[in-house]
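Let me begin by presenting the structure, written as C-alpha cells, before commenting on it.
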Amino acid sequence: AQSVAQPEDQVNVAEGNPLTVKCTYSVSGNPYLFWYVQYPNRGLQFLLKYITGDNLVKGSYGFEAEFNKSQTSFHLKKPSALVSDSALYFCAVRGNAGNMLTFGGGTRLMVKP
Amino acid sequence: DSGVTQTPKHLITATGQRVTLRCSPRSGDLSVYWYQQSLDQGLQFLIQYYNGEERAKGNILERFSAQQFPDLHSELNLSSLELGDSALYFCASSAGDYRTDTQYFGPGTRLTVL
Numbered sequence: 003a004q005s006v007a008q009p010e011d012q013v014n015v016a017e018g019n020p021l022t023v024k025c026t027y028s029v030s031g032n033p034y035l036f037w038y039v040q041y042p043n044r045g046l047q048f049l050l051k052y053i054t055g056d057n058l059v060k061g062s063y064g065f066e067a068e069f070n071k072s073q074t075s076f077h078l079k080k081p082s083a084l085v086s087d088s089a090l091y092f093c094a095v096r097g098n099a100g101n102m103l104t105f106g107g108g109t110r111l112m113v114k115p
Numbered sequence: 011d012s013g014v015t016q017t018p019k020h021l022i023t024a025t026g027q028r029v030t031l032r033c034s035p036r037s038g039d040l041s042v043y044w045y046q047q048s049l050d051q052g053l054q055f056l057i058q059y060y061n062g063e064e065r066a067k068g069n070i071l072e073r074f075s076a077q078q079f080p081d082l083h084s085e086l087n088l089s090s091l092e093l094g095d096s097a098l099y100f101c102a103s104s105a106g107d108y109r110t111d112t113q114y115f116g117p118g119t120r121l122t123v124l
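The listed protein sequences derive, respectively, from chains B and U. Residues 3 to 115 (the numbering used here) are what the first sequence spells out, left to right. Residues 11 to 124 (the numbering used here) are what the second sequence spells out, left to right.
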C-alpha cells in the first residue's frame, strides 16, 4: 500500500522568510510525487510534480520541491514567503498501485506580515 | 481556473435521499477521477474512469456509483444518504491513463446531509 505523511498540521512563517512544508512517502516501485494547494472554498491547484530526473523540481508561484530517495521525502520549499501563500498544502504520491493519488493529511501554512 | 467544472456547487439534502454530482473534464482529457474530502477521512480516492470505462476503484461505498458518458462528462450517484456522507466531492481529470499524468481538480461539490 502507498501512503503519505505530512508531519506538521500547521507551519507558521513570517513574510519574506523561507518556508518548508514536509512530506514523506511510502510506495512500491518508482514514486511519482505531487504537491497541490487548496485555498478556502476552492479546489486543489496543482503546484508541481516529480517524475524522474533532477531532484529539485520547480513549480508555480515560486515554489520548488526537493526529492530525496534515501529519506523518502519530497519537501516543498519557497525562498521568500508571501502572505498570499497562506493556504492548505497537500502532498500526494502515485506508485505501482494504480493511477489514483494518495494524499497526505495536509499542512496549513500561515504566513504572517 | 483548472478547466474542470462541477455542478452543483452546493447540495443540501436529507438522509435516505439520492443525489447526482456532475463533472465535465478539461477539454481533451480522457480520464476522470472522483475524490471525497472530509474532516475525519481527509482526501480519499473513490473511482476512476478512462474513456468511458471504469479503470480503478478506491474506497467507494456500494451505495455510490459513477459513470462516464460518451461526451466524457461523468456523474457520481450517491444513494441512501447518511449523515456521514456529508463532505466535499472533487472531480479531477487528466489527459490519459499514465502515472506521470497530472490530475487537475474541479472546484468541488459540497454535500450536506441533514
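Note that beta-carbon positions come from the ideal geometry of N, C-alpha and C, so glycine has one too.
Please classify residue i as buried or exposed, where buried requires at least 16 other C-beta atoms within 10 Å of its C-beta.
i                 : result
Asp-111 (chain U) : buried
Met-102 (chain B) : buried
Phe-65 (chain B)  : buried
Leu-93 (chain U)  : exposed
Arg-28 (chain U)  : exposed
Phe-79 (chain U)  : exposed
Tyr-43 (chain U)  : buried
Gln-51 (chain U)  : exposed
Leu-35 (chain B)  : buried
Gly-31 (chain B)  : exposed
Leu-53 (chain U)  : buried
Tyr-45 (chain U)  : buried
For the putative contact between residue i and residue j, defined by C-beta atoms under 8 Å, what is the C-beta separation to the nearest angstrom?
i                 : j                 : result
Glu-10 (chain B)  : Val-113 (chain B) : In fact, because the Cβ distance is near 14 Å, the residues do not count as touching under 8 Å.
Pro-18 (chain U)  : Thr-119 (chain U) : 6 Å
Phe-100 (chain U) : Gln-58 (chain U)  : Rounded, the Cβ-Cβ distance is 13 Å, inconsistent with contact.
Leu-82 (chain U)  : Ile-70 (chain U)  : Contact doesn't hold; Cβ gap of about 20 Å is too wide.
Thr-23 (chain U)  : Glu-85 (chain U)  : Not confirmed; about 16 Å, so no contact.
In angstroms, rounded to a whole number, what distance separates the CA positions of residue i and residue j?
i                 : j                 : result
Ile-53 (chain B)  : Pro-33 (chain B)  : 7 Å
Val-39 (chain B)  : Ala-89 (chain B)  : 7 Å
Ser-1 (chain U)   : Gly-116 (chain U) : Since the first residue of chain U shown is 11 and the last is 124, residue 1 (chain U) is not available in this structure.
Leu-49 (chain B)  : Gly-61 (chain B)  : 6 Å
Ser-86 (chain B)  : Pro-115 (chain B) : 10 Å
Leu-111 (chain B) : Asn-70 (chain B)  : 22 Å
Ser-103 (chain U) : Leu-88 (chain U)  : 20 Å
Thr-25 (chain U)  : Asn-19 (chain B)  : 48 Å
Ser-12 (chain U)  : Leu-46 (chain B)  : 9 Å
Ser-96 (chain U)  : Ala-67 (chain B)  : 33 Å
His-20 (chain U)  : Thr-122 (chain U) : 8 Å
Gln-4 (chain B)   : Pro-42 (chain B)  : 28 Å
Gln-16 (chain U)  : Lys-51 (chain B)  : 24 Å
Ala-105 (chain U) : Gln-113 (chain U) : 8 Å
Gly-100 (chain B) : Arg-109 (chain U) : 7 Å
Glu-63 (chain U)  : Val-29 (chain B)  : 26 Å
Gln-73 (chain B)  : Gly-97 (chain B)  : 17 Å
Gly-55 (chain B)  : Lys-80 (chain B)  : 20 Å
Leu-40 (chain U)  : Val-14 (chain U)  : 12 Å
Could you pull out every residue in the same chain whose Cβ sits closer than 6 Å to the Cβ of residue i, ignoring the five residues on either side in sequence?
i                 : result
Gly-107 (chain B) : Gln-8
Ala-66 (chain U)  : Gln-58
Ser-75 (chain U)  : Asn-87
Between which residues of its own chain and residue i is the CB-CB distance below 8 Å, once the five residues before and five after are set aside?
i                : result
Val-13 (chain B) : Leu-21, Thr-22, Val-23, Thr-109, Arg-110, Leu-111, Met-112
Ser-15 (chain B) : Before going further, note that residue 15 (chain B) is Val rather than Ser in the sequence given. Excluding sequence neighbours, Val-15 (chain B) sits near Leu-21, Ala-83, Leu-111, Met-112, Val-113, Lys-114.
Leu-7 (chain U)  : No information on residue 7 (chain U) is available, as it lies outside the stretch 11 to 124 that chain U covers here.
Here's a check: name, in chain order, each residue in its chain whose Cβ is nearer than 7 Å to the Cβ of residue i, leaving out the five neighbours to either side.
i                : result
Val-6 (chain B)  : Cys-25, Tyr-27, Cys-93, Ala-94, Val-95, Thr-104, Phe-105, Gly-106
Ser-90 (chain U) : Gly-26, Arg-73
Leu-58 (chain B) : Glu-66, Glu-68
Tyr-91 (chain B) : Val-23, Trp-37, Val-39, Leu-78, Gly-108, Thr-109, Leu-111
Gly-68 (chain U) : Gln-54, Phe-55, Leu-56, Ile-57
Runs of beta strand (DSSP E) lying entirely within the region 9 to 65 of chain B, each at least 3 residues, in chain order: Fully contained in the region 9 to 65 of chain B are the following beta strand (DSSP E) runs of length 3 or more, in chain order: 12 to 16, 21 to 23, 26 to 28, 34 to 40, 46 to 52, 58 to 60.
Start-end ranges of the beta strand (DSSP E) lying completely within the region 17 to 54 of chain U, minimum 3 residues: Scanning the region 17 to 54 of chain U from its first residue to its last, the whole beta strand (DSSP E) runs of 3-plus residues come out as 20 to 23, 29 to 34, 41 to 48.
Ranges of the beta strand (DSSP E) found wholly within the region 47 to 91 of chain U, counting only runs of at least 3: Listed in chain order, the complete beta strand (DSSP E) runs (minimum 3 residues) inside the region 47 to 91 of chain U are 52 to 60, 63 to 67, 74 to 78, 84 to 88.
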